[in-house]
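Trainee: Under the working numbering, the final residue of the sequence shown carries the number 375; numbering is consecutive throughout.
Note that CB positions come from ideal geometry on N, CA and C, so glycine has one too.
Mind having a look at this structure? Questions to follow.
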Amino acid sequence: MSGPLIGSLCTGYGGLDIAVQQVLGGDLAWVADPDPGASAILAHHHPAVPNLGDITAVSWPDVARVDVLTAGFPCQDVSSAGKRAGLAEGTRSGLWRQVARAIKELTPDLVVIENVQGLLSARADGDVQPCPWCLGNTGTERAVRALGTVLADLAALGFDAEWVSVRASDVGAAHQRTRVFLAAWPAHPQGPRLAWPRLRGRPAERRLAAAHPDRLGGHRHRTHRPGRDEPATHGLPVADPGSIGRRPHERDVRAGEPDPDRCPRPARGPWWGPYAAAIERWETASARSAPGPTDDRGRLNPVFVEWLMGLPAGHVTAVPGLTRTAQLKALGNGVLPAQAAAALRLLLDRAGTGVDEGRAAA
């Protein structure tokens, strides 16, 4: 086998794992998501891959060691669309502490984390001080931000890290959907040491159930509600590095009356109005025509959302038995793979990994 073994936490429909495989290759060793909808999607695409379910109940010393660990932990409490409870014990976003526990036990070569832009501003608990001049402050208010706590926890575990904020529109998507991506690795003077395969000192992998909700037992009730701060892509062109960080064209994000010369109403099919240029751009990048935005009842069409996420047709919507509500929940909580892949390439380049043409040395 060439490429890394990948373990996936808070997997969802697997968008972050798709991105890692685009950049580094490798295979999924196991996934972990207790949500019934996400589990059904994972079982459909990876029927032989074990699902660990609820990560709060996992004994990590008993789990097969992996080279790369991915985690798109819950965003609801750091998202600007939520109540901003923050990254704290007892919140859904506080599941980060369980991700950190897995990192400590598994000591992977590389950790890849994704979350919403609110990670930069939401408050968090923790012992790290928010600024040099606050050292020794005994006040009750914690001003440290969520990303600061994540970085502090990683440092305490002996990991170095790089992070970046990337928009979906940076890879051509028809929406902005800014996300924060972080890559971390065991601290070493020469940076990340990515060479696979290698000897893995963990016990043989447990015979766990395949990724299906009917086999997750008591973990099924611990599901995450969809947030508005999340979407994904497989095999799409990577963004020009020079475009990352630039604002999208004004007409792609500006609300208001459409310019009839730029987006005339078509004789048939959907009328995209001021969004026509953005839709056309993503049609070109994805080499697929946009599906209709609504179904025959005038409701948001999950197939259209799937297309916006850059997923292969049917990745979510063709999963047997998945309701429309479950489809939209999974799609709303996912990450755009091409966006994540562009971010990971940038982070690995910053770290000086020497990854050549999207593959780590075997």
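#1: Output the distance between the C-alpha atoms of Ala42 and Ser302, rounded to the nearest integer angstrom.
#2: Taking the continuous alpha helix (DSSP H) assigned at Ile116, which residues delimit it?
#3: Taking only the alpha-carbon atoms, compute the straight-line gap between Ala61 and Gly286 and give it to the nearest angstrom.
#4: My guess is that Asp173 and Ala208 are in contact by the Cβ rule of under 8 Å, so how many angstroms apart are they, rounded?
#5: For Gly20, count neighbouring C-beta atoms within 10 Å of its own C-beta (all shown protein chains included) and say buried if the count is 16 or more, exposed if not.
#6: Quick one: Cα of Leu18 to Cα of Thr338, how far?
#7: Would you report the Cα separation of Gly66 and Ala77, rounded to the nearest angstrom?
#8: Determine contact between the region 334-348 and the region 165-180, defined as no fewer than three beta-carbon pairs at a distance below 8 Å.
#9: Which residues in the same chain have their Cβ closer than 8 Å to the Cβ of Pro376, if we skip the five residues on either side of it in sequence?
#10: Quick check on this structure: which residue in His188, Trp198, Gln203 has the alpha carbon closest to the alpha carbon of Ala169?
#11: If you follow the beta strand (DSSP E) that Thr297 is in, where does it begin and where does it stop?
#12: Alpha carbon to alpha carbon, how far is Ala356 from Phe194?
#13: Buried or exposed: which applies to Pro202, given that a residue is buried once 16 or more other Cβ atoms fall within 10 Å of its Cβ?
#14: Take Val112 and list the residues in its own chain whose beta-carbon comes closer than 7 Å to its own, dropping the five residues that flank it on each side.
#15: Grab me the residues of Leu164's own chain with a C-beta within less than 7 Å of its C-beta, minus the 5 sequence neighbours each way, in chain order.
#16: My guess is that Gly25 and Ala51 are in contact by the Cβ rule of under 8 Å, so how many angstroms apart are they, rounded?
#17: Can you tell which of Ala354, Arg110, Leu133, Leu132 has its C-alpha closest to the C-alpha of Ala32?
#18: Starting from Ser21, trace the beta strand (DSSP E) in both directions and tell me its first and last residue.
#19: Is the beta carbon of Val125 sitting closer than 8 Å to the one on Val79?
#20: Judging by CA-CA distance, which residue of Gly16, Ala298, Asp48, Asp75 is the nearest neighbour of Trp320?
#21: In the DSSP output, which residue or residues are listed as bridge partners for Trp43?
#22: Whole angstroms are fine: how far does the CA of Leu108 sit from the CA of Ala159?
#23: Provide the residue span of the alpha helix (DSSP H) that contains Asp166, from first to last.
#24: Would Val348 and Arg192 be called neighbours here (beta carbons separated by less than 8 Å)?
#25: Could you spell out where the beta strand (DSSP E) holding Val71 opens and where it closes?
#26: When you compare the CB positions of Arg206 and Asp122, do they come within less than 8 Å of one another, or not?
#27: Answer yes or no: do Ala196 and Leu29 have a C-beta to C-beta separation smaller than 8 Å?
#28: Taking the beta carbon of Arg310 as the centre, do at least 16 other beta carbons fall within 10 Å, making it buried, or is it exposed?
#29: To the nearest angstrom, report how far apart Gly365 and Glu127 are at their CA atoms.
Mentor: Based on what the coordinates show:
#1: 34 Å
#2: 109-119
#3: 45 Å
#4: Going by Cβ atoms, the distance from Asp173 to Ala208 rounds to 17 Å, so no, they are not a contact pair.
#5: buried
#6: 32 Å
#7: 15 Å
#8: no
#9: The structure shown does not extend to residue 376, since the chain is modelled only from 14 to 375, so the question has no answer here.
#10: Trp198
#11: Unbroken run through Thr297 is the alpha helix (DSSP H), 289-299; no beta strand (DSSP E).
#12: 7 Å
#13: exposed
#14: Leu22, Ala84, Phe86
#15: Ala174
#16: 5 Å
#17: Ala354
#18: 18-22
#19: no
#20: Ala298
#21: Gly20
#22: 12 Å
#23: 159-169
#24: yes
#25: Neither: Val71 is in no beta strand (DSSP E) and is coded neither H nor E.
#26: yes
#27: no
#28: exposed
#29: 21 Å
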